[in-house]
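S.K.: Note that the protein sequences, when read in sequence, are chains A and B.
So the first sequence is numbered by full-length UniProt numbering: it starts at 1 and just counts up by one.
So the second sequence is numbered by full-length UniProt numbering: it starts at 1 and just counts up by one.
Protein chains: 2
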Amino acid sequence: MITRLSNYFLRTLREDPSDAEVTSHRLLVRAGYIRRQAPGVFAWLPLGLRVKEKIERIVREEMHNAGAHEVHFPALLPREPYEITGRWEEYGEGLFRLKDRKGSDYLLAPTHEEVFTLLVKDLYNSYKDLPLSIYQIQDKYRDEARPRAGLLRGREFTMKDAYSFDYTDAGLDASYQAQRDAYERIFTRLGLEYVIVKADAGAMGGSKSEEFLHPTPIGEDTFVRSAGGYAANVEAFTTVVPEAIPFDGLAPAEVLPTPDTATIQTLVDAANANHPRPDGRPWTAADTLKNVVLALRYPDGRRELVVVGLPGDREVDQKRAEAAFSPAEVEPANEDDFKANEPGLFDGIAGVYLTKGYIGPWHPQHGQFLGEQAFPDRQNIRYLLDPRVVPGTGWITGANEHGHHVFGLVAGRDFTADGFVEVAEVRDGDPAPNGSGPVELARGMEIGHVFQLGRKYAEALGLKVLDENGKLVTVTMGSYGIGVTRILAIIAELNNDANGLIWPPSVAPFDVHVVATGRDAAVFEAAETVAAALEAAGKDVLFDDRPKVSPGVKFGDAELIGVPTIVIAGRGVADGVVEIWDRRTGVRTPVAISEVAEALA
Amino acid sequence: MITRLSNYFLRTLREDPSDAEVTSHRLLVRAGYIRRQAPGVFAWLPLGLRVKEKIERIVREEMHNAGAHEVHFPALLPREPYEITGRWEEYGEGLFRLKDRKGSDYLLAPTHEEVFTLLVKDLYNSYKDLPLSIYQIQDKYRDEARPRAGLLRGREFTMKDAYSFDYTDAGLDASYQAQRDAYERIFTRLGLEYVIVKADAGAMGGSKSEEFLHPTPIGEDTFVRSAGGYAANVEAFTTVVPEAIPFDGLAPAEVLPTPDTATIQTLVDAANANHPRPDGRPWTAADTLKNVVLALRYPDGRRELVVVGLPGDREVDQKRAEAAFSPAEVEPANEDDFKANEPGLFDGIAGVYLTKGYIGPWHPQHGQFLGEQAFPDRQNIRYLLDPRVVPGTGWITGANEHGHHVFGLVAGRDFTADGFVEVAEVRDGDPAPNGSGPVELARGMEIGHVFQLGRKYAEALGLKVLDENGKLVTVTMGSYGIGVTRILAIIAELNNDANGLIWPPSVAPFDVHVVATGRDAAVFEAAETVAAALEAAGKDVLFDDRPKVSPGVKFGDAELIGVPTIVIAGRGVADGVVEIWDRRTGVRTPVAISEVAEALA
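1) Please state whether the Cβ-Cβ distance between Ala68(B) and Ile134(B) is less than 8 Å.
2) Could you run through the stretch 125 to 145 of chain A and flag, in chain order, every residue whose CB is less than 8 Å away from some CB of chain B?
3) Compute the Euclidean distance between the alpha carbons of Val507(A) and Arg50(A), then round it to the nearest angstrom.
4) For Gly538(A), which option in Leu441(A), Val512(A), Ala522(A) and Pro257(A) has the closest C-alpha, if you only look at C-alpha atoms?
5) If we require 3 or more residues per run, which beta strand (DSSP E) segments fall completely within the stretch 107 to 181 of chain B?
6) Closer than 8 Å by C-beta to Glu93(B): which residues in its own chain qualify, once you throw out the five before and the five after it? Chain order, please.
7) For the alpha helix (DSSP H) containing Phe415(A), name the first residue and the last one.
8) Quick one: what's got a C-beta closer than 6 Å to Phe9(A)'s C-beta in the same chain, skipping five residues either side?
9) Considering only residues of the same chain and omitting the five flanking positions on each side of Val268(B), which have a CB-CB separation below 6 Å?
10) May I ask which residues mark the beginning and end of the alpha helix (DSSP H) holding Leu560(A)?
11) Are the C-beta of Phe9(A) and some C-beta of chain B separated by less than 8 Å?
12) Going along the stretch 32 to 47 of chain B in order, which residues come within less than 9 Å of chain A, judged by CB to CB distance?
13) On a CA-only basis, which of Arg388(B), Ala109(B) and Gly403(B) is nearest Ala411(B)? Give me that one, please.
14) Give me, in chain order, the residues of the same chain whose beta-carbon lies closer than 7 Å to that of Gly348(A); leave out the 5 immediate sequence neighbours on both sides.
15) Closest Cβ-Cβ distance between Ala66(B) and chain A: below 8 Å?
16) Only counting the same chain, and skipping five residues up and downstream in sequence, which positions put a Cβ closer than 6 Å to that of Asp300(A)?
17) Short of 9 Å Cβ to Cβ, which residues in the stretch 370 to 401 of chain B face chain D?
18) Are Arg357(B) and Phe369(B) closer than 8 Å when you measure CB to CB?
19) Taking 8 Å as the CB-CB limit, is Val71(B) close to chain A?
20) Which residues in chain B sit within 8 Å of Asp105(A), going by Cβ to Cβ distance?
21) Mind checking which residues open and close the alpha helix (DSSP H) that includes Met1(A)?
22) Taking 8 Å as the cut-off, decide whether the C-beta atoms of Val567(B) and Val596(B) are in contact.
23) List, from N- to C-terminal side, the alpha helix (DSSP H) runs of 4 residues or more that fit wholly inside the stretch 504 to 588 of chain B.
24) Got a sec: is the Cβ-Cβ distance from Asp100(B) to anything in chain A below 8 Å?
25) Return the first residue and the last residue of the beta strand (DSSP E) that residue 628(B) is part of.
26) Output the distance between the C-alpha atoms of Ala350(A) and Phe247(A), rounded to the nearest integer angstrom.
27) Which word fits Gly454(A), buried or exposed, when buried means at least 16 other C-beta atoms lie within 10 angstroms of its C-beta?
28) Whole angstroms is fine: what's the gap from Tyr480(A)'s alpha carbon to Phe157(A)'s?
29) For the alpha helix (DSSP H) holding Val596(A), just list the boundary residues, first then last.
30) Quick one: Cα of His402(B) to Cα of Thr261(B), how far?
31) Mind checking the stretch 502 to 536 of chain A against chain B and listing, in chain order, the residues whose C-beta falls within less than 8 Å of any C-beta there?
32) Kindly confirm or deny that the stretch 532 to 550 of chain B and the stretch 571 to 579 of chain B touch, where touching means at least three C-beta pairs closer than 8 Å.
33) Taking just the CA atoms, how far does Arg320(B) sit from Ala271(B)?
34) Let me see if you follow: with CB-CB separation under 8 Å, is Asp540(B) close to chain A or not?
35) Taking any Cβ of chain B, which residues in the stretch 545 to 576 of chain A have a Cβ under 9 Å from it, in chain order?
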């Protein structure tokens, strides 16, 4: 088909939109693909719709190849199913909620596990009906706190979400693998390099999960990988736990004055200056146990303080902390929190409680000081440890007295914890948990996510089938998502130059962009001829036939729009020649008018 | 392509859904096309999606042929543009409203005039850019008071909405005509007979509007048509106003006792018995002036009482009343309304005010009694008249005294009104307003609606372009809607029999439904051969290859699903023959296996 620019709903813009934070947003708006309607909410113009539909077609074909059936759910859903699974609350402020005229509660669905589960419950009842994989391509809603980066993190966005239903774990493995394979084919067709990383199941509450990340230095996600093939996002990385060390022969703990050492650096300096290690090796931050007070905010509004002890050379990683404490949101304790736990609050304890800068798990007068092992009346603050703090390891840590630390405090001997937690940052060189050597950190963009949900949703909503023996068994599920509009933005983010977009052919809005330059009627006729020949060869042609627009503007628009192949009809027409311009390489090749269609076949 | 029922996400149901009020809803649920998620909110199963997409494809093709460009707007939109045009209020409870986490107001759009207007304002600025027609196929939301009839009146529904932009009235006429022509082609391709009727622009606030109605006795809309080619829906029908009559020689009005005559029938009987007409002709209901008290409820919550005087042989038509008083909702005055206007409320007036059953525009002691012409302190109740009540017409009407009516009360002489209003029912035989003879009433279903909006939205939102003389002119717009999911339901409503659906070929989920019956491997092989031959001929085939399902169940499912052509492979296969079963006529024709594809070409 030929689409004529002289009669097309398109305006390219000279200026970048003022609210664009990323390249894809800037270029998609300027080139006339999308327009912003509200923060994180966009309208699709004709060019944008074309690219979106091409991506959707590829996704549909591969879903079909994976044996998945297409359905389509509403965005507006009643509260009840989400209430049953707890997600009505868990989503917190991220969920768009509304009431109808009768006062009933509804939501704009951010994902559809609940209603897919109920649909299958409604229609199926036997193991013979399974396995089943169903999917939709549908507009979803999340009330992001900071909708940003254009389509990369919108509040209304199009997703392909698929769900699998099996009655055995092996069945789920197979369904999961089929979707995972489909994702590999989809990203290959889209020209998107990917890494599959172990992921944290997070709010989905599943048992196994992997993320497809596109590795790129401009990615917002961090992941780790080892030369030996391990890959995980930072949330899912698990620390290799060292062996415990026998207590025998370890010196007793000793409280020493360490004035003005409320930071790790000042503490290490003071320790080396005033309390050198007996064997002469200098103390380092890794010898200290840092105790960080975190505030957890749960979806129901509850707020809990926890203290986490971790080696002093590691920071708390916000994403790992959020994953570890999901569904709670995590923030550093604030001044009010410290104030509320100031000296004198607990009867019978002299000295301080949370003495900022000098917090530790052990108190010189009271022994075990933090966590449920301490005193029953202190159980409102849990004490959790980094997995590296195994029994027998000795630490310099706060003595819970202003200006004092305790040296040689031994885990397992002098203090215990309520549990272990993975909130410490991952670093280059940390050992991969599967023994495949040290990991390195890299950045990427999430382009897909597959989850083994297991039986959580089926159990909550009562989805059971009769197995071969006539026994009711709970179904086990998988959930598989690709953000269609997000992927479009990622492709735009990765394929551009200073002059505009450069689409991969598989998703380009048109196959060829034919440009007629100048005012010479013969040129326009030649361009018509070329466009018609390309159309006859099955190409989708964008034809810049605007009569009164200068060649410079036309070239600028062609570069901005980013159709990968441009054909320019200009002066060469007199000699029967046009130019084929490769948008990506910039190379222009003269070709006889009669041979253009063949050259681009 | 071949779709195998042995591996398809489909369950037909034996029982009708308990909440189904209409045939289409009942059959679409039973045959596995849709599932209800909430009142007026449905999920689309694979069969339903296929039909929906076929309708959408036809609509897209004809929009393309009409020169309209496809875009896609979000459903979630900010309040501001709708606030500016007044529709944030006007939609009243019919609008789904919500707030984001920052407390900003949003709506789920019921229609998109505002944002299309702003988009064009954003991108275009010259008459050279016009005319422009853009459209989308998109999910819309209306919080219907009584979502009912399945997809016929849902709260989430898919619509094609197109908008045209011109800078001259002649341009708007042409754009309107192009869409109107496209609608004719669409309905023809969908096999939907239609009547184009003059419509009331209603809440859209436009200047000219037509509705496409499918005439059917089960339609929920009433329209009128004359043999001479006039057609209008009842809201848009305008009464032919009789000539005024000179007052000269008309007898003075006379108050007469008419005990127990609070209804028109009792009044006519009493008048004939006790106060016969001087010339002996019997009084009829048409001689009486009925005064109906209506309560208008405005979107902003305001409530107003009006009294409407109309010939006693006509009832108030609710739809005409709603159209006349739009955007107010109209309901009969209630007991509280009458109570609030009981005797003694107004100083200086003896007797009663709204004396139920005896209300009239004139009072024996006070003269003009109702409306703004009466007393300044009564201007809170407007008095409006049916257009037939022209000056010089005489009436029997309430005397505002219990048990009394006034006879020979002459309009224009004894009383006047604050205006005229079209709320009286239309009846068979009423004259068409264009002089084309008497009209007859018919029923239909709305399948499309085209509006000339004029400059209302462009004016409110400041959409202007420079004309040929460099002068800024306000753009004039049209709005054109087709309910895709509603049309699907209407097609289902019109095409079925006791056994199930019967799709027109243009929208059937598959072209052919091949059924293999029995357990004979040869039959299944023959069916495979037929399916493959049909696929090779470009047909979309649904193949019932389920191995252990009885022929009766398979036939039942085939009838319920409603693919128009069914091919049955059964015993005849031994003789090289299958049957082609025309779902609509029921006729079964034996055909050689090798000739099926040709027979169905």
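Backbone N, C-alpha and C define an ideal beta-carbon position, used for all residues, glycine too.
M.R.: Quick answer:
1) Walking along the second sequence from the start, residue 68(B) turns up at place 68. Walking along the second sequence from the start, residue 134(B) turns up at place 134. Cβ atoms of Ala68(B) and Ile134(B): closer than 8 Å.
2) Contact residues of the stretch 125 to 145 of chain A toward chain B are Leu132, Ile134, Asp139, Tyr141, Asp143 and Ala145 (C-beta to C-beta distance below 8 Å).
3) Here residue 507(A) refers to the residue found at position 507 when the first sequence is read from its first residue. Here residue 50(A) refers to the residue found at position 50 when the first sequence is read from its first residue. Roughly 8 Å separates the two Cα atoms.
4) Along the first sequence, one-based indexing puts residue 538(A) at 538. Nearest option by C-alpha distance: Val512(A).
5) Within the stretch 107 to 181 of chain B, the complete beta strand (DSSP E) runs of at least 3 residues fall at 132 to 141 and 156 to 166.
6) Looking up residue 93(B) in the second sequence gives position 93. Around Glu93(B): Asp143 and Ala145.
7) Mapped onto the first sequence, residue 415(A) falls at position 415. DSSP places Phe415(A) outside any alpha helix (DSSP H), giving it a letter other than H or E.
8) Translated into positions along the first sequence, residue 9(A) becomes position 9. Hits under 6 Å: Pro46.
9) Residue numbering aside, residue 268(B) sits at position 268 when the second sequence is read from its first letter. Answer for Val268(B): Trp283 and Ala285, listed in chain order.
10) Start at 1 with the first residue of the first sequence, and residue 560(A) comes out as number 560. Run containing Leu560(A): Pro551 to Ile561, per the alpha helix (DSSP H) assignment.
11) Position 9 of the first sequence, counted from the first residue, corresponds to residue 9(A). Interface residue, yes.
12) Within the stretch 32 to 47 of chain B, the residues whose Cβ lies closer than 9 Å to some Cβ of chain A are Gly32, Arg35, Gln37, Ala38, Pro39, Val41, Phe42, Ala43, Trp44, Leu45 and Pro46, listed in chain order.
13) By 1-based counting over the second sequence, the position of residue 411(B) is 411. Measuring C-alpha to C-alpha distances from Ala411(B) to each of Arg388(B), Ala109(B) and Gly403(B) identifies Arg388(B) as the nearest.
14) As a working note, residue 348(A) is residue 348 in the first sequence. Low local confidence applies: a pLDDT of 43 at Gly348(A) is under 50, so the model's placement there is unreliable, and no value is given.
15) Along the second sequence, read from residue 1 onward, the residue named residue 66(B) stands at position 66. No, Ala66(B) does not count as interfacial toward chain A.
16) Mapped onto the first sequence, residue 300(A) falls at position 300. Here Asp300(A) has Glu89 as same chain residues with Cβ atoms under 6 Å from its own Cβ, once five neighbours each way along the sequence are excluded.
17) In summary, chain D is missing from the structure at hand, where the protein chains are A and B.
18) Here residue 357(B) is taken as the residue at index 357 of the second sequence, counted from 1. Here residue 369(B) is taken as the residue at index 369 of the second sequence, counted from 1. In the sequence on display, residue 357(B) carries Gly and not Arg. For the pair Gly357(B) and Phe369(B), the CB atoms are not nearer than the 8 Å cut-off.
19) Mapped onto the second sequence, residue 71(B) falls at position 71. So, interface residue.
20) Taking the first sequence and counting its residues from 1, the one referred to as residue 105(A) is at position 105. At a beta-carbon threshold of 8 Å, none of the residues of chain B lie near Asp105(A); the nearest stands roughly 11 Å away.
21) The residue you call residue 1(A) lines up with position 1 of the first sequence. Judged by DSSP secondary structure, Met1(A) falls outside any alpha helix (DSSP H); it is assigned neither H nor E.
22) Residue mapping note: residue 567(B) aligns to position 567 of the second sequence, counting from 1. Residue mapping note: residue 596(B) aligns to position 596 of the second sequence, counting from 1. Taking 8 Å as the Cβ cut-off, Val567(B) and Val596(B) qualify as a contacting pair.
23) Taken in chain order, the complete alpha helix (DSSP H) segments of 4 or more residues contained in the stretch 504 to 588 of chain B are 521 to 536 and 551 to 561.
24) On the second sequence, position 100 is the one that residue 100(B) refers to. Yes - at least one Cβ of chain A is within 8 Å of the one on Asp100(B).
25) Outside the modelled stretch of chain B, which goes from 1 to 601, sits residue 628(B), for which no answer is possible.
26) Within the first sequence, numbered from 1, the residue matching residue 350(A) stands at position 350. Within the first sequence, numbered from 1, the residue matching residue 247(A) stands at position 247. Residue placement at Ala350(A) cannot be trusted, given a pLDDT of 37 that sits under 50; the coordinates are not used to answer.
27) Within the first sequence, numbered from 1, the residue matching residue 454(A) stands at position 454. Buried is the call here.
28) Against the first sequence, residue 480(A) aligns to sequence position 480. Against the first sequence, residue 157(A) aligns to sequence position 157. One Cα belongs to Tyr480(A), the other to Phe157(A), and the distance between them is close to 16 Å.
29) Taking the first sequence and counting its residues from 1, one reaches residue 596(A) at position 596. Counting along the chain, the alpha helix (DSSP H) containing Val596(A) begins and ends at Val596 to Ala599.
30) Within the second sequence, residue 402(B) is the residue found at index 402, counting from 1. Within the second sequence, residue 261(B) is the residue found at index 261, counting from 1. The alpha-carbon atoms of His402(B) and Thr261(B) are separated by roughly 9 Å.
31) Those residues of the stretch 502 to 536 of chain A that come within reach of chain B (Cβ to Cβ, closer than 8 Å) do not exist; the list is empty.
32) No, because fewer than three Cβ pairs between the stretch 532 to 550 of chain B and the stretch 571 to 579 of chain B fall closer than 8 Å, the two stretches do not touch.
33) Your numbering for residue 271(B) matches position 271 in the second sequence. Your numbering for residue 320(B) matches position 320 in the second sequence. So the alpha carbons of these two residues sit roughly 30 Å apart.
34) As a working mapping, residue 540(B) is identified with position 540 in the second sequence. No - not a single Cβ of chain A is within 8 Å of the one on Asp540(B).
35) Within the stretch 545 to 576 of chain A, no residue qualifies.
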